[in-house]
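Residue numbers (the working numbering): 682 to 903. Read the structure below first, then the notes.
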Ligand SMILES: [Zn+2]
C-alpha cells in the first residue's frame with residue numbers, strides 16, 4: 682500500500698510540476714514559477730506578536746495577487762517544486778528570528794500538521810517542506826511527529842471571524858505522547874497567518890507542556 686501511495690505521490694508531483702506552464706506568477710518570466718526578482722520585490726518580512734505571545738515572522742503579504750496564487754499552487758495544485766523553492770526562501774529569512782532566541786537555545790522546528798486525509802489528497806505537507814529547509818540550513822532539530830492533527834477540519838479559509846477560526850481548530854491538534862517540548866525553543870512553521878488561531882492553538886499545547894519559548898514563521902500574512 683505504501684508503494685502505491687509513493688507512486689501516486691510521485692505522479693502527482695510530476696503532474697503538478699510539469700502540467701502547468703513554468704512562468705513566473707509575478708512577472709511571467711519563463712522557466713520558473715516565482716523568479717528571484719519577484720521574490721525580492723514582493724518580500725515584506727514583518728514580525729507579529731500573537732495573543733499567545735508567539736512572535737511570528739511573515740515573509741509576504743497574502744493579499745498581493747501573485748503571493749495568493751503561489752500559496753494556492755502549493756496547496757491545491759501539487760506544485761511540489763514551488764514548495765521547495767519557498768522552503769529556500771523561508772530558510773533565508775529564518776535568520777531574522779535567530780537573534781530573538783534565548784542564548785544557547787535548543788531549537789526545534791515543528792511544522793503545523795495537516796490531517797492524513799489532506800496529506801493523501803495533496804501528496805505532501807508543504808509546511809513540512811518549509812520546516813525541513815529551515816532545520817537543515819540552521820542545523821536545528823526538526824520533529825515531524827510532535828504535533829498531530831487528530832480531527833479533519835474544514836479549511837480555515839472557509840471561516841472569516843476570529844472566533845469561528847478558533848472554534849474550528851480547537852481540539853483538532855494534539856501533542857504526541859512521545860514528544861516533550863520541555864525547555865525547548867520551538868519554531869512553528871505554517872503557510873498563512875490570518876487570525877493566528879492555528880499557531881495559538883499549537884502554542885497553547887506546547888506552552889502547557891513546558892516549552893521555553895515559541896516563535897513562528899509563515900510564508901504569508903493574510
Ligand atoms: Zn518574476
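The C-beta atom is built at its ideal place from N, Cα and C for all residues, glycine as well.
**OP:** Between the Cα of residue 708 and those of 874, 822, 748, 752, spot the shortest distance and give me the residue it belongs to.
**Re:** What you label residue 708 is simply residue 27 of the chain shown in a count that begins at 1. Of all alpha-carbon atoms in 874, 822, 748, 752, the one lying nearest the alpha-carbon of residue 708 is that of 748.
Original post:
With DSSP run on the structure shown, which of helix, strand or coil describes residue 847?
Top reply: Taking the chain shown and counting its residues from 1, one reaches residue 847 at position 166. Three-state result, residue 847: helix.
Original post:
Cβ atoms of residue 810 and residue 764: under 8 Å apart, would you say?
Top reply: Position 83 of the chain shown holds residue 764. Position 129 of the chain shown holds residue 810. Pairing residue 764 with residue 810 gives a Cβ-Cβ distance under 8 Å.
Original post:
By Cβ distance, which residues of its chain are closer than 7 Å to residue 800, with the 5 residues on each side in sequence left out?
Top reply: In the chain shown, residue 800 corresponds to position 119, counting from 1. Excluding sequence positions up to five before and after residue 800, its CB lies within less than 7 Å of the CB of 806, all in the same chain and listed in chain order.
Subject >> Under the three-state DSSP convention, the category residue 826 falls into >> reply: Numbered from 1 along the chain shown, position 145 holds the residue referred to as residue 826. Here residue 826 sits in coil by DSSP.
**OP:** Return the first residue and the last residue of the beta strand (DSSP E) that residue 791 is part of.
**Re:** Along the chain shown, one-based indexing puts residue 791 at 110. That run of the beta strand (DSSP E) goes 788–792.
**OP:** Classify residue 703 as helix, strand or coil using the three-state DSSP reduction.
**Re:** Stepping through the chain shown from its first residue, residue 703 is reached at position 22. Assigned with DSSP and collapsed to three states, residue 703 falls in coil, not helix or strand.
Original post:
Between the Cα of residue 757 and the Cα atoms of 828, 821, 802, 854, which residue gives the shortest distance?
Top reply: If you number the chain shown from 1, residue 757 lands on position 76. Minimum Cα distance to residue 757 is reached at 802.
Original post:
For residue 722, which option in 706, 733, 734, 736 has the closest C-alpha, if you only look at C-alpha atoms?
Top reply: Numbered from 1 along the chain shown, position 41 holds the residue referred to as residue 722. The residue with the shortest Cα to Cα distance from residue 722 is 706.
Original post:
How would you label residue 780, buried or exposed, when you count the other beta carbons within 10 angstroms and need 16 or more for buried?
Top reply: Residue mapping note: residue 780 aligns to position 99 of the chain shown, counting from 1. Counting the other CB atoms within 10 Å of its CB gives residue 780 a total below 16, which places it among the exposed residues.
**OP:** State the Cα-Cα distance for the pair residue 755 and residue 876, rounded to the nearest angstrom.
**Re:** The count along the chain shown starts at 1 and reaches residue 755 at position 74. The count along the chain shown starts at 1 and reaches residue 876 at position 195. One C-alpha to the other measures close to 21 Å.
Original post:
What separation, rounded to the nearest whole angstrom, lies between the Cα atoms of residue 735 and residue 894?
Top reply: Sequence index remark: in the chain shown, residue 735 carries index 54 (1-based). Sequence index remark: in the chain shown, residue 894 carries index 213 (1-based). Straight-line Cα distance between these residues: approximately 8 Å.
Original post:
Going by alpha carbons, who is nearest to residue 826 out of 815, 798, 860, 817?
Top reply: Sequence index remark: in the chain shown, residue 826 carries index 145 (1-based). Minimum Cα distance to residue 826 is reached at 860.
**OP:** Check whether the Cβ atoms of residue 816 and residue 862 lie closer than 8 Å to each other.
**Re:** As a working mapping, residue 816 is identified with position 135 in the chain shown. As a working mapping, residue 862 is identified with position 181 in the chain shown. No, the Cβ-Cβ distance between residue 816 and residue 862 is not below 8 Å.
**OP:** Would you kindly check if the distance between the Cβ of residue 767 and the Cβ of residue 866 is under 8 Å?
**Re:** Indexing the chain shown from 1 puts residue 866 at position 185. Indexing the chain shown from 1 puts residue 767 at position 86. It is not a contact, given that the beta carbons lie outside the stated cut-off.
**OP:** Output the distance between the C-alpha atoms of residue 844 and residue 712, rounded to the nearest integer angstrom.
**Re:** For this step, residue 844 is matched to residue 163 along the chain shown. For this step, residue 712 is matched to residue 31 along the chain shown. Rounded to the nearest angstrom, the two C-alpha atoms are 42 Å apart.
Original post:
Relative to the C-alpha of residue 788, which residue among 714, 834, 776, 770 is closest?
Top reply: Position 107 of the chain shown, counted from the first residue, corresponds to residue 788. It is 776 whose Cα lies nearest to the Cα of residue 788.
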